[in-house]
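The opening position of the sequence shown corresponds to residue 0 in numbering that gives the first Met the number 0, with each subsequent residue numbered one higher.
Please read the structure below before turning to the comments.
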Amino acid sequence: MNSALYNKAIQCPVCQKQIEITKLKASACKVASRDTDFCVYYQDLNPMFYEVWVCEFCGYAALSEKFEEIRESDAGTIKDQISTRWNKRGFAGERNIDHAIEAFKLALFNLQVRKAKPNEFARVCLRIAWLYRIKKDEKEKDFLNFALKYYRETYEKENLPIEKLDEFTCMYIIGELNRRVGDYEEAVKWFSRLIGSQEARKNASLMDSAREQFRLVKEQMEKR
Ligand SMILES: [Zn+2]
0 MNSALYNKAI QCPVCQKQIE ITKLKASACK VASRDTDFCV YYQDLNPMFY EVWVCEFCGY
60 AALSEKFEEI RESDAGTIKD QISTRWNKRG FAGERNIDHA IEAFKLALFN LQVRKAKPNE
120 FARVCLRIAW LYRIKKDEKE KDFLNFALKY YRETYEKENL PIEKLDEFTC MYIIGELNRR
180 VGDYEEAVKW FSRLIGSQEA RKNASLMDSA REQFRLVKEQ MEKR
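In structure tokens, the structure reads:
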């Protein structure tokens with residue numbers, strides 16, 4: 000295993016068995032660049048590949064920071080609907096991009112079974128889109144569309160902020176995802192709303208990005 004990676008033993012909150020999960024040392028995460036929808040590229044190993052933890056025994060999978068906070072009723076649903084059909088397989092150790100995508104898709108399946116909130120789907124779908132982008136696979140667009148649908152639902156139905164996602168960042172992501180899937184009119188609508196908001200001006204770097212992407216989408220519309 001790459002020396003920047005290490006394993007840690009934790010207890011699965013669904014089946015209670017001891018499992019090994021793999022983490023990437025923070026010192027090994029060197030940012031190379033960022034995309035306008037917040038996808039980050041790294042010089043060496045990408046920590047996103049390790050963001051989903053999977054229990055090899057019961058098939059429970061979730062984002063690492065959410066892994067241990069599962070409700071008892073959801074754990075029961077996972078046991079009934081996933082564990083009964085799960086073939087034991089491990090996800091510890093170094094992951095290539097296909098393993099990372101598989102882990103994220105398991106996390107997505109767990110969210111579906113648990114009937115999770117839109118913000119959780121949004122986050123996982125956007126990361127799957129980024130992984131397909133890194134892989135240069137056109138399935139990226141399918142997952143950008145799924146992410147867009149869930150960010151809109153998050154904006155409309157949930158109380159923001161949720162963790163790091165505030166109302167304005169959510170508006171920006173909706174604008175930018177619309178631009179990326181080619182719905183330029185919608186992109187303009189969301190960027191304009193954001194740029195026109197007095198309160199959003201407190202986040203200067205987000206406003207700069209919104210203005211820049213607004214200018215870009217206008218340019219794209221002219222070329223069409
Ligand atoms: Zn388990």
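The beta carbon of each residue, even a glycine, is placed where N, CA and C say it ideally should be.
Around the C-beta of residue i, are 16 or more other C-beta atoms found within 10 angstroms, so that it is buried, or is it exposed?
i, result
"Thr-83", "exposed"
"Glu-175", "buried"
"Gln-197", "exposed"
"Ser-26", "exposed"
"Gln-212", "buried"
"Ala-199", "buried"
"Glu-155", "exposed"
"Ser-208", "buried"
"Arg-70", "exposed"
"Phe-167", "buried"
"Ala-8", "exposed"
"Val-30", "exposed"
"Phe-48", "buried"
"Arg-94", "buried"
"Asp-229", "It is not possible to answer for residue 229, since the shown part of the chain is limited to 0 through 223."
"Asn-177", "buried"
"Ala-203", "exposed"
Output the distance between the C-alpha atoms of residue i and residue j, rounded to the nearest integer angstrom.
i, j, result
"Glu-189", "Lys-201", "Note that residue 189 corresponds to Trp in the displayed sequence, not to Glu. Going from the Cα of Trp-189 to the Cα of Lys-201 covers about 18 Å."
"Trp-85", "Asn-118", "26 Å"
"Asn-6", "Asp-165", "33 Å"
"Arg-126", "Phe-103", "8 Å"
"Lys-78", "Val-13", "7 Å"
"Glu-185", "Lys-134", "27 Å"
"Trp-226", "Lys-140", "Lying before the first or after the last residue shown, residue 226 is absent from the chain, which here runs from 0 to 223."
"Asn-45", "Pro-160", "27 Å"
"Glu-67", "Ile-20", "13 Å"
"Ala-121", "Tyr-149", "5 Å"
"Arg-4", "Gly-92", "Per the sequence shown, residue 4 should be read as Leu rather than Arg. Roughly 8 Å separates the two Cα atoms."
"Gly-89", "Thr-76", "21 Å"
"Tyr-267", "Tyr-171", "Outside the shown range of the chain (0 to 223) lies residue 267, about which nothing can therefore be said."
"Glu-221", "Asp-34", "23 Å"
"Phe-145", "Lys-138", "11 Å"
"Arg-151", "Ile-173", "7 Å"
"Phe-142", "Arg-179", "11 Å"
"Cys-54", "Ile-81", "11 Å"
"Glu-101", "Tyr-131", "11 Å"
"Leu-147", "Glu-157", "15 Å"
"Glu-162", "Lys-65", "12 Å"
"Glu-218", "Ser-32", "24 Å"
"Val-112", "Ser-72", "12 Å"
Hey, is residue i's beta-carbon within less than 8 Å of any beta-carbon in chain B?
i, result
"Glu-68", "Judged by its chain identifiers, the structure shown contains no chain B, having just a single protein chain."
Does ligand 1 have a heavy atom nearer than 7 Å to the CB of residue i?
i, result
"Lys-65", "no"
"Phe-90", "no"
"Val-13", "yes"
"Lys-116", "no"
"Thr-56", "Contrary to the premise, residue 56 reads as Phe rather than Thr in this sequence. Phe-56 Cβ: within cutoff of ligand 1."
"Tyr-149", "no"
"Tyr-59", "yes"
"Arg-24", "The question names Arg, yet the displayed sequence has Lys at residue 24. It does not: the Cβ of Lys-24 is nowhere closer than 7 Å to a heavy atom of ligand 1."
"Lys-16", "yes"
Could you check whether the segment 104-111 touches the segment 46-66, counting it as contact only if at least three pairs of C-beta atoms, one from each stretch, sit closer than 8 Å? yes
I'd like the ranges of any alpha helix (DSSP H) spanning at least 4 consecutive residues and lying wholly in the segment 53-80. 63-66 and 71-80
Entirely enclosed alpha helix (DSSP H) segments - the segment 87-145, minimum 4 residues: 96-113 and 117-133
In chain order, which continuous runs of the beta strand (DSSP E) of length 3 or greater are located wholly inside the segment 149-182? none
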